[in-house]
């Protein structure tokens with residue numbers, strides 16, 4: 184590799200500067216923000232096409248854009264959300280060999296706080312309670328359908344977190360919930376194919392508890408909602424952890440399915 188000529192800014196540094204500016208635009212823009220064409224970007228920044236393409240590759244690795252090649256090419260913008268945050272956190276946890284048991288313990292500490300916060304909302308009867316009630320009734324209709332029931336029952340947790348007033352807590356906990364849900368749904372899918380989960384009794388109990396939590400939130404009993412939620416969370420986590428407590432967190436739902444199926448095969 185030859186050294187850069189004196190006085191010339193390396194292409195990589197130029198690309199990082201362009202990527203930094205575009206990142207700021209994406210994060211500051213609204214949901215409909217679109218990046219200019221590469222031709223326009225070259226003109227706006229006064230840099231070469233390779234520098235623009237490298238800048239877009241940087242943003243692509245961060246999950247902020249998807250670059251489409253060919254005649255209908257361009258860069259599609261993606262604002263970061265809990266799913267993308269969960270993926271990057273999942274990579275860090277997976278790299279650190281963090282176990283599912285450790286992730287579960289973190290959720291038991293933080294997630295019940297969201298139930299208490301929902302119970303303290305003055306507008307809970309118009310916002311939180313209707314959404315939770317609709318989810319509970321939908322879950323009740325899916326008892327007997329393992330994968331569909333698990334997916335819908337997990338949405339109950341998503342709803343609780345989504346109505347948490349504090350944005351920092353909401354995003355941190357939703358990231359952990361999204362990561363755990365990927366593991367739990369992969370587990371439910373694998374066990375359902377084997378006819379082992381969930382039993383109708385377990386599903387019925389989960390629906391009953393969700394109804395109780397919803398009632399405590401509706402009545403504004405924050406401490407009881409938090410207590411009941413923590414107990415319920417520990418019970419539902421046990422179903423996964425009794426088999427995979429020492430399993431390592433997997434960053435993607437596909438990876439989680441493969442890891443859990445492998446774990447099942449090793450127990451046969």
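Residue numbers (our numbering): 184 to 451.
For each residue, glycine too, the CB sits at the ideal point set by N, CA and C.
This structure is a prediction, so every number in the text was calculated from the model and none was measured.
query: Report yes if the CB atom of residue 347 is closer than 9 Å to the CB atom of residue 301, and no otherwise.; result: yes
query: Find the nearest neighbour of residue 387 within the set 411, 328, 424, 406, judged by alpha-carbon distance.; result: 328
query: Give a single yes or no on whether residue 415 has its beta carbon closer than 8 Å to a heavy atom of the ligand PLP.; result: Here there are no bound small molecules, and the ligand PLP is not part of this structure.
query: By the three-class DSSP mapping on this structure, what secondary structure does residue 211 have?; result: helix
query: Between residue 314 and the rest of its own chain, which residues show a CB-CB distance below 6 Å, the 5 nearest in sequence each way excluded?; result: 342
query: Please report how far the alpha carbon of residue 235 lies from the alpha carbon of residue 196, in whole angstroms.; result: 11 Å
query: Would you give the residue range spanned by the alpha helix (DSSP H) that residue 311 belongs to?; result: 311-324
query: Excluding sequence positions up to five away, which residues of its chain have a Cβ less than 6 Å from the Cβ of residue 325?; result: 331, 332, 335
query: In the DSSP output, which residue or residues are listed as bridge partners for residue 259?; result: 249
query: Is DSSP giving residue 432 helix, strand or coil here?; result: coil
query: Could you check whether residue 396 and residue 415 sit closer than 9 Å to each other, using their CB atoms as the reference points?; result: yes
query: Leaving out the 5 sequence neighbours to the left and right, which residues in its chain are closer than 6 Å to residue 221 when beta-carbon positions are compared?; result: 235
query: Is residue 389 closer than 9 Å to residue 322 when the C-beta atoms are compared?; result: yes
query: Inspect the CB distances between the region 403-412 and the region 348-357 and report whether three or more fall short of 8 Å.; result: no
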